[in-house]
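J.:
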Amino acid sequence: MNKADLVQIIIQHLEEKLQVAHASALRAIDAATDEETVPEHKYDTLALEAAYLAHGQAMRIQESEDELRQYRALVTRDFKGAPVGVGAYVVLADENLLEKHFFVGPCSGGLTVKYQAQEVFVLTAKSPLGRALFGKEEGDEIDVKIGDKTTCYEVVTIC
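Listed below in structure tokens is the structure:
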């Protein structure tokens with residue numbers, strides 16, 4: 018497996034997310050500065066709401082740019098024989114022996130990408146599963162409790 022290719026796919030998804038954020042910010046700025054949003058009376062808050070939205074979109078752009086910087090700076094390495102850490106590709110099997118593929122990233126947890134015909138979930142140490150995985154080795158078992166449901170996984174592969 019070439020993790021550099023996987024990281025490139027993640028970067029492409031993050032670049033698309035950034036483009037959407039830029040387009041949304043431009044629309045929000047246009048709405049905030051449009052002549053039609055000028056308040057007609059003290060209860061007319063359309064311009065204020067548009068300004069808040071523009072600010073939120075600007076923050077979204079900053080977050081997206083930060084995520085991109087982190088992935089572009091990520092140095093991939095082989096985790097064979099090593100415990101799970103940032104940059105590891107991990108295959109887990111649940112109680113039904115269904116395998117799930119994960120990439121432990123520095124950020125962007127929750128992102129899902131296709132890589133070599135597999136659905137790969139990006140997770141971070143901030144998630145319950147990410148916290149449970151950090152430091153584990155092949156063959157280890159982990160129990161993850163989310164809400165009132167506990168799921169047991171076996172670490173099948175780390176690379």
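If you use the working numbering, the sequence shown corresponds to residues 18 to 176, in order.
In this text, a Cβ means the ideal position worked out from N, Cα and C, and glycines have one as well.
Computed from a predicted model, the values in this text were never measured in an experiment.
To the nearest angstrom, how far is it from the Cα of I46 to the Cα of E80?
T.: 18 Å
J.: For C124 and C176, what's the separation of their Cα atoms in angstroms?
T.: 19 Å
J.: Kindly identify the DSSP beta-bridge partner or partners of A21.
T.: Answer is none; A21 lacks a bridge partner.
J.: Three-state secondary structure (DSSP) at L140?
T.: Strand, per DSSP.
J.: Alpha carbon to alpha carbon, what distance is there between I78 and L65?
T.: Each residue's Cα considered, the two are about 20 Å apart.
J.: Mapping the DSSP letters down to three states, classify T129 as helix, strand or coil.
T.: strand
J.: Given that a residue counts as buried once 16 or more other Cβ atoms are within 10 Å of its Cβ, and exposed if not, what is V172?
T.: So V172 counts as buried.
J.: Quick check on DSSP: helix, strand or coil for T168?
T.: strand
J.: What separation, rounded to the nearest whole angstrom, lies between the Cα atoms of L146 and Y69?
T.: 34 Å
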